[in-house]
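Peer 1: So in full-length UniProt numbering, spot 301 of the sequence shown is number 301, and the numbers just go up one at a time.
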Amino acid sequence: MSSIQSLAALIKPVGSLSPEMTISDVADQLLQPSHKAFLSLPVVNRQGRPLGLISRYRLQDIFMQRFGRDLWGKRSVTEAVNTESLVIALDTSLDEAARIVTAQLQYPITEDFILVDKHGCYQGLGTVLDLLKAMESRIDQRNQALSRALQELKNSQAHLIQSEKMASLGQMVAGVAHELNTPLGYVKNNVQLLRDLVQPLLELAAAQAQLSQCLQDPATPTDTVEAIFSRVQQATDQASPATFEEDFTPLLEDTLYGLEQIGELAVSLKDFARLDRAMSEDIDLNDCVRSALVIARNALKDKALVTTRLGELPLLTCTPSQINQVLLNILNNAAQAMTNSGQILIKSWADTRCAYLSIQDNGAGIPNDIQQRIFDPFFTTKAVGEGTGLGLAISYKIVQQHGGTIRFASEPGRGTRFVISLPLSQPSPLQRSA
Ligand SMILES: Nc1ncnc2c1ncn2[C@@H]1O[C@H](COP(=O)(O)OP(=O)(O)O)[C@@H](O)[C@H]1O
Ligand SMILES: [Mg+2]
């Protein structure tokens, strides 16, 4: 269906009647084959200006009267013309024309209207029905275009949400890789040192084995026994208990500590392993804070000093991976808001209904005029590549789906504090994905 753009496309070039004609003349005109299709005919003066429309209904009324034709036939058509008919300029937009017509719509709706040029001269007739049909087809087309645009928007939004998830995943992987590198480095170093330190022990073991073998054999010559004995002596000196005490013990302890750190990272990773992981019933929110801090350590370490004051919390039901995503985003925003000597204070507490987390930074703060908008999807004050504007929108959605709230207070130049509350028990089954 091609869309009709202007009134000109709807125009019917209908010939006009002159005011000098009689009503009988007009009746004859309306019977002419060329005019049969029209419900009315315009009456136009010598200057081309329309005086009004005369309709078939009007003539029918007149001639149906008793002696109607005799009484009215010889009178001027101007006595029967409808002088209040609609006159619309051809350059009126379709929407405006539709507005004018519908505002004055009367029965029958197949009424015609007179179209004039910009000098007010008659150009042709239009019908209300055609106009309404044109409007309908335009609305159809607009609807189609709108639903296409909506679909495209949904697709790109889904794409962006995915990339925001991937960004936090990517950041987490980079952070964890970095965190793993440090303990891995010194564990490796220590093991190499231990390998060297173990050499004298191996030598001692070998010498002692040789000694005990020759002691069991009475035929061994005395000088051989003495030689072996001095080898044992030497090896013993090299592997003195003091050396163990000094070198081995710290190295082993250091190595164990490194391995513990690696293990801790593995535990933190487990929570992030699947972003869509199902809800768990017995989550300690403080654990989420700790693991988010391990993950974010790398992003935070040059930016801010983190202090935690975590109170004792009852276990609650939540999707830890999603809560971690919220924490990571808030921590990340805090880090990005810092210029120097940043400080982040994280507190947790609980009452009978909810557990609360507060994350406070002393960064740039949020200007008053944008505070309303920070939870809007795609709202960002950051450069392309630095921010998608989705972090807080997703966080809001996640917290909302958990039946909780996320609020903030911010003072430009002094910092920002986000407070999250999460109910201790979930009233309804959680939807899993944000
Ligand atoms: N702690 C904060 N300090 C200052 N501004 C913040 C802070 N957290 C959020 N904002 C503001 O809110 C905006 C939206 O944040 P967010 O939804 O995470 O998107 P993004 O970080 O990708 O810009 C940020 O661009 C920033 O202007
Ligand atoms: Mg963000």
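Using N, Cα and C, we set each Cβ at its ideal position, and we do this for glycine too.
All values derive from a computational prediction rather than experimental measurement.
1. Just to confirm, is the Cβ distance from K36 to G126 under 9 angstroms?
2. Return the first residue and the last residue of the beta strand (DSSP E) that S280 is part of.
3. Which residue from V77, F113, K74 puts its Cα closest to that of L90?
4. For E164, collect the residues of the same chain with a Cβ closer than 7 angstroms to its Cβ; drop the 5 residues on either side in sequence, then sort them by chain order.
5. Measuring only from the beta carbon, is K382 closer than 8 angstroms to any heavy atom that is part of ligand 1?
6. Taking P221 as part of the beta strand (DSSP E), name the residues at either end of that continuous run.
7. Do A239 and L204 count as a contact pair if the criterion is CB distance below 9 angstroms?
8. I need the DSSP call for R407, collapsed to helix, strand or coil.
9. Suppose you measure from the CA of L17 to the CA of L41; what does that come to, to the nearest Å?
10. Taking 8 angstroms as the cut-off, is the C-beta of N329 nearer than that to any heavy atom in ligand 2?
11. Any contact of the stretch 138-150 with the stretch 363-377, i.e. 3+ C-beta pairs under 8 angstroms?
12. Leaving out five residues on either side along the sequence, give the residues of the same chain with a beta carbon under 6 angstroms from the beta carbon of L71.
13. For ligand 1, any of its heavy atoms closer than 8 angstroms to the Cβ of N190?
14. Let me know the secondary structure DSSP gives R353 once reduced to three states.
15. Could you tell me the boundaries of the beta strand (DSSP E) in which G385 lies?
16. Using alpha carbons as the reference points, say which of M135, L53, P423 lies closest to R353.
17. Assign Q5 to one of three DSSP states: helix, strand, or coil.
18. What is the residue span of the beta strand (DSSP E) that D112 lies within?
19. If you run the structure through DSSP and keep just helix, strand and coil, what is L422?
Peer 2: Concretely, from the data shown:
1. The answer is no: Cβ separation not under 9 angstroms.
2. 280-283 is the extent of the beta strand (DSSP E) around S280.
3. F113
4. Excluding residues within five positions, the ones whose Cβ falls inside 7 angstroms are T388, L390, G391, I394.
5. yes
6. Unbroken run through P221: none, as it is neither H nor E.
7. yes
8. strand
9. 7 angstroms
10. yes
11. no
12. none
13. no
14. coil
15. From DSSP, G385 is part of no beta strand (DSSP E); its letter is neither H nor E.
16. Measuring from the Cα of R353, the nearest candidate turns out to be P423.
17. coil
18. 112-116
19. strand
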